[in-house]
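First comes the structure, then the notes that go with it.
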C-alpha cells in the first residue's frame, strides 16, 4: 500500500500540468467572422473585454474588442492575432460564426475543415451569413456583446416570427457531408455607418447609428451561396423544414380585408414516393386569429370555417410556390427531397434516381395539403369591424 | 494492623495533607477514628449522620457485652456501608469520597458513602442543538449520566459493564448495551479493548475513543461522540454499545456508519417526507463542502469549456485583477476560514463579536478590494464553510478538510479528471473502512435494505420496523401498528 501511495505521489509530481491555463491568460472569443479577400482570409475576432467589469477606471471601454488579421490560411491567421492581442485566443466558448457573403459565394471547405478539426472549438455554435464584413464590429445596446445580441435575436426570431432558421456548426457539418441536401443559412446585415457603430457613442442615442438586422435566409447550391429568400419565403421554408413551431400568416380577402393568424404547433409531414417521383407535403397545426379587419361575424362557426379554408388554401399555395421557385430559380434542394428518396428506398434510388436527379428534380410532382384548425380568436368575439 | 499505625501510615503517604481529616472518638469505650477526604465529601452528611449516629451508639445502643463492630454496622445512618479490610481499600475509598471508620482492636473497617456534590446540574445540550428534541445533556458526573439513560430505558436488559481505567485517575468507565439486542461479541471486543488500556490517566472520553478506535485508519470518525441522552438511548435500542466515562460529558457511541453522521435525533420528530428533503440537503452539502473549491480550481485553470459563456466571462473579469493562481487563491481563503473557525472556538464569548467583524473583513470585501482574492472565491469559501457546519460531529468536519485538500491538489494537477480520480480514491477508502466490524459505507455498500430506508430517503416510521441486522441480534423493532 505504501509503495502504491509513493508511486502515486511521484506520478503526480512528475507530470507537468497538462493543459494548464489560468483564466487570466485567456482571451475569451465570443464570435468569429471570416471573409474571403484577394490574398486569403480576413478574420475578425470578437474578444470579450474582461477587464471592464472589474475596473471602474475602464467604464468607458467597450465591452468587447475586435482583432483583425488577414492571412492565406485560417490557422496562421488565428495564431497571428497574438501579435496584436496580449493573450492567447480561447475559442471553446465561441458562440457565433459569421461567414461573409464573399466567402459563402466561393467555398466553405477550408472553414469547415479548420473548425471541425480544432479540438478546442465546440460544434454547437450558430453559423450565419453576413452581408457586410463588419457586422461584429458595431456596439449593441441591451446586450453587451455583439455576438450574444445576434444569437438572442436569432433565437427569438426563430421562436416568435420564424423568418430565420437556426443552424449550428454541427448541423452544417452534417449537411456538408451529405450531398443530397443543400444548405440554407440565416442572413444578417449591418445597416448604417460601421465607423460610427464601432464607437461606444453608438449606445448613447436612442436610435443606433449602426445596427445589425436579421435578413431572412440564404439559399446554397453545392455549398455555394446562390440567392436570398424574402421574409415570406423564409417562413414557408422553415414551415416545410419543420424548423419552427409558430409563425404569422396573413390571409387576404376581397376589398383589402385580411385576417392575420398566429399558427402554433405547426407540424409538417413530408411523404415521398420515389417510384412516382412525387412529394406530398401535409401541413397541420392550429391557428389563433390575432388581427382582423374582416367585416363578417367571427363568432359564427361558418365564418370561421371560411377563414380556415382560406388559410389552408393560402398555405398550400405559398408552399407550392416557394418549392417551385427554389427548384426553378436556384436549382437548390434545401428541403432534402433527394435525401428523403434515398432514405425511403435506397436500392431504387441508387438504380434509378441518383444519376438523373437533376432532371427528376425539376419534374417533381409536388402535392401540398394543409390542415390547420382555428382554435382561438383572442378576447374579441365578433370583431370590432363586424360590430 | 493497629489503627494507630494505619493513621500514621496514611499521614506519611499523604505528606500530612490537610485534606485528610482524621477525627478521634471514643465509642463504647473504644477508640474510633473517623477519616474522610474533605474536598470530596459533604460535611453535612458526615456531621449529621456519621458523627451523630456514633454518639447515639455510644450513649444508647451500646451494651457492654455486645460487639461494637456489629452495632456500628447495624446502627449507623448511611445507605451504603461497606466492610473493608486492607490499607489499599481504605485509601481507595477515601479518594472516592467515602468516610472510613476505624475501630481499635478490630481488623474490619467500614466505608460510608458521603460523597459531596461536585457536579453541576443538568443543562441543555450546547454542542448538538436541535429544534425539537430533549433539552437535557450529559454532565461530568457518570452517575447522573447513567440516571439520564436509565430514566429513558426502564428495563433489566440494559446491562452495564463497570470498568476502571487509569493508574492514577482510576476513572470509572461504563460500557452500556441492551443485553437482548446487542451482539455479544461486539461487547466482548469493546470491553476487552478497554481492559487492555494501561495508561496513567483518563481525563476525557476522547482518550478512550482514540485508544480503542484504530485511529490512523480513516480521517472520518468511526466512533460517534454525543452529549444527548436521547441519542444514546436511540443507539442503545438500535443495538449499539455506549461507553460512558466519568468526568466526561460526552458518551461514545459505536459502531457507526457514514450514514449515521447525516442523521439527527430531531428527524424523529418531523414527518418523514419533510425529513427526506432535509436529508437530501445534508448529503448535497457534504458534496458541496468536499468539492466546491476543487471544482473552482479545475474549471478556472483547466476546464474552462465546462462553464456557460456568461459565467466564464464573469469569472474571468473577476479574476482579472488577482495576481495569484486559482489554487493558491483557494488555499489562502481556506486557511483564512480555518483560522477564523479555530479562533472562534478557542476565544471566550466576549471577544467573538470583535473576531467576527475582523473575520468578515478578511473573508470579505476588503480582501477583494485589495486584489488578493476574487469575489467568486469568497462565494466558494462561504458555501464550503456553510455546508461543513451542517454536521454536528467535529471529527467529520475535520476529516472533510483533508479530502478537500486532496481534491484541490488533484484539480490543480489534472483539472476535473484529477477531481474524479480523487473521488475514486475517496470512495475506495471509505468502502475499506469498518467501524468495529460494521462496514463504514453501509447501507450503500454493502447494500442493506433496512439501512437504506433510513438514509437519503427516510421511510415513514411505520415502515422502519426492523433493526439493522449487522448491529443487532433481535431485529423486530416495531410490531404491527393499527
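Protein chains in written order, with the working numbering: chain A, 1 to 387; chain B, 1001 to 1482. Backbone N, C-alpha and C define an ideal beta-carbon position, used for all residues, glycine too.
Per-residue burial, residue i [other beta carbons within 10 Å of its own, 16 or more giving buried]
i	result
residue 175 of chain A	buried
residue 1064 of chain B	exposed
residue 1323 of chain B	exposed
residue 1157 of chain B	exposed
residue 124 of chain A	exposed
residue 1085 of chain B	exposed
residue 1467 of chain B	buried
residue 1404 of chain B	buried
residue 1013 of chain B	exposed
residue 1048 of chain B	exposed
residue 1370 of chain B	exposed
residue 131 of chain A	buried
residue 1046 of chain B	buried
residue 1476 of chain B	exposed
residue 1449 of chain B	exposed
residue 1346 of chain B	exposed
Any chain B beta carbon closer than 9 Å to residue i
i	result
residue 26 of chain A	yes
residue 71 of chain A	no
residue 92 of chain A	yes
residue 81 of chain A	no
residue 313 of chain A	no
residue 23 of chain A	yes
residue 122 of chain A	yes
residue 18 of chain A	yes
residue 50 of chain A	yes
C-beta contact flag for residue i and residue j at 9 Å
i	j	result
residue 159 of chain A	residue 246 of chain A	yes
residue 90 of chain A	residue 81 of chain A	no
residue 218 of chain A	residue 279 of chain A	no
residue 1393 of chain B	residue 1221 of chain B	yes
residue 1066 of chain B	residue 1004 of chain B	no
residue 1138 of chain B	residue 1240 of chain B	no
residue 1351 of chain B	residue 1326 of chain B	no
residue 1206 of chain B	residue 1171 of chain B	no
residue 317 of chain A	residue 386 of chain A	no
Opening and closing residue of the alpha helix (DSSP H) in which residue i lies
i	result
residue 225 of chain A	Where residue 225 of chain A is concerned, there is no enclosing alpha helix (DSSP H), although the beta strand (DSSP E) it sits in stretches over 224 to 228.
residue 1247 of chain B	Per DSSP, residue 1247 of chain B belongs to no alpha helix (DSSP H) and is neither H nor E.
residue 114 of chain A	109 to 117
residue 1431 of chain B	1416 to 1432
residue 337 of chain A	337 to 344
residue 1358 of chain B	1352 to 1362
residue 104 of chain A	101 to 105
Extent of the continuous beta strand (DSSP E) to which residue i belongs
i	result
residue 48 of chain A	40 to 48
residue 1493 of chain B	Since the first residue of chain B shown is 1001 and the last is 1482, residue 1493 of chain B is not available in this structure.
residue 285 of chain A	278 to 292
residue 1054 of chain B	Residue 1054 of chain B -> not in any beta strand (DSSP E); alpha helix (DSSP H) instead, spanning 1052 to 1056.
residue 1023 of chain B	1020 to 1027
residue 373 of chain A	365 to 376
residue 1294 of chain B	Counting along the chain, residue 1294 of chain B falls outside any beta strand (DSSP E), though it belongs to the alpha helix (DSSP H) covering 1272 to 1301.
residue 1164 of chain B	1158 to 1165
For residue i, the residue or residues it bridges with in DSSP
i	result
residue 1447 of chain B	B:1444
residue 1119 of chain B	Per DSSP, none; premise fails for residue 1119 of chain B.
residue 192 of chain A	A:210
residue 1437 of chain B	In DSSP, residue 1437 of chain B forms no bridge with anything.
residue 160 of chain A	DSSP lists no partner for residue 160 of chain A.
residue 1091 of chain B	DSSP, once it has assigned bridges, lists no residue as partnering residue 1091 of chain B.
residue 186 of chain A	A:217
residue 1083 of chain B	B:1110
CB contact below 9 Å: residue i versus chain A
i	result
residue 1325 of chain B	yes
residue 1305 of chain B	yes
residue 1339 of chain B	no
residue 1467 of chain B	no
residue 1079 of chain B	no
residue 1430 of chain B	no
residue 1451 of chain B	no
residue 1319 of chain B	yes
residue 1292 of chain B	no
residue 1322 of chain B	yes
Cutoff 9 Å: residue i Cβ touching any chain D Cβ
i	result
residue 1415 of chain B	Of the protein chains in this structure, namely A and B, none is chain D.
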